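Everything below concerns the one structure shown next.
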Amino acid sequence: MPTPPLLYDAVTLRHFSSCQSLALCELIHSPLGIPHWAEAVKGEIERAAALGLPECPGVLTQAWLGTPITPTLADQPGIVRVWIALNGGQHSPKGNAGEAQSIYFAEQMGGTFATDDNAAYDFAAKPRRLGAARVIDTVDILRQAVAEGHLSAADAVNIAVGIRRARRFLRHIHPMTLTEGYFR
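So this is what it looks like as structure tokens:
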């Protein structure tokens with residue numbers, strides 16, 4: 003039986019790319035089942051790269067992410083339901099297509115969703131969705147890397163600080179001042 007995938011949201015990939023740490027994600031998550039991202043997530047990153055956002059081209063060169071999962075016609079109604087629910091019931095959602103596809107496919111494949119988008123995280127962590135155990139963020143990934151001995155807690159702090167210096171934001175539940183103990 004294949005290992006369930008971890009599906010990344012664009013914001014989390016951009017976080018790690020902003021501090022040249024995508025190799026850490028590859029080290030930890032490439033052994034998991036594929037895919038590692040959804041078509042709409044890749045599209046979001048491509049559009050941001052076209053706007054000149056510096057962290058995006060690095061994401062697009064990551065072969066380990068594999069081919070993004072592309073929704074079939076049969077997937078569309080389920081994705082739209084997730085998308086509408088994620089957007090508070092609005093029937094003409096404007097954003098969150100990547101999050102909606104990722105949550106939908108994580109549900110279908112028994113996978114995990116990695117996001118630093120506060121609203122998407124909270125939505126996906128609901129028990130009737132993925133549940134808290136199947137939604138992670140950048141800090142969770144850094145904690146896993148420390149626990150598995152891939153980096154020190156000091157290195158995890160430096161990566162988190164680097165993400166913030168790149169004017170990117172960790173989820174609101176994390177304190178502004180991060181210490182080594184926060185990653186152990």
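Going left to right, the sequence shown walks through residues 3 to 186 as my numbering numbers them.
Quick reminder that beta carbons are idealized off the backbone N, C-alpha and C, glycines included.
Remember, predicted model here, so these are calculated numbers, not experimental data.
Which of helix, strand or coil DSSP assigns to residue i
| i | result |
| --- | --- |
| L88 | helix |
| T114 | strand |
| A127 | coil |
| P6 | coil |
Check whether residue i and residue j have beta carbons under 8 Å apart
| i | j | result |
| --- | --- | --- |
| Q64 | L9 | no |
| P6 | G100 | no |
| Y123 | D139 | yes |
| A108 | R83 | no |
| W66 | S32 | yes |
| I175 | C21 | no |
| L88 | A76 | no |
| A147 | L26 | yes |
is_contact[residue i, chain B] using C-beta, thresh 8 Å
| i | result |
| --- | --- |
| I81 | Of the chains in the structure shown, none is chain B; there is only one protein chain. |
Cα-Cα separation between residue i and residue j, rounded to whole angstroms
| i | j | result |
| --- | --- | --- |
| L29 | L144 | 12 Å |
| E57 | G91 | 32 Å |
| V61 | R49 | 12 Å |
| L180 | V159 | 6 Å |
| K128 | G183 | 28 Å |
| P4 | I36 | 9 Å |
| F185 | A155 | 6 Å |
| K44 | Y106 | 16 Å |
| A134 | R173 | 15 Å |
| A51 | D11 | 15 Å |
| N98 | P177 | 25 Å |
| H93 | Q110 | 22 Å |
| I47 | W85 | 18 Å |
| F171 | D157 | 18 Å |
| P59 | R169 | 17 Å |
Taking 8 Å as the threshold, find out whether the stretch 110-126 comes into contact with the stretch 148-155 through three or more Cβ pairs.
no
For the 8 Å Cβ check, are there 3 or more pairs between the stretch 70-82 and the stretch 32-46?
Between the stretch 70-82 and the stretch 32-46 there are three or more inter-stretch CB-CB distances shorter than 8 Å, so the stretches are counted as touching.
Are the stretch 157-166 and the stretch 13-24 in contact at 8 Å, needing three or more beta carbon pairs?
yes
Just to confirm the assignment: which complete alpha helix (DSSP H) runs, minimum length 4, are found wholly within the stretch 34-68?
41-52 and 58-62
Which parts of the stretch 131-180 are runs of the alpha helix (DSSP H), unbroken and 4 residues or longer, counting only runs that do not cross its ends?
List check, alpha helix (DSSP H) in window: 140-149 and 155-167.
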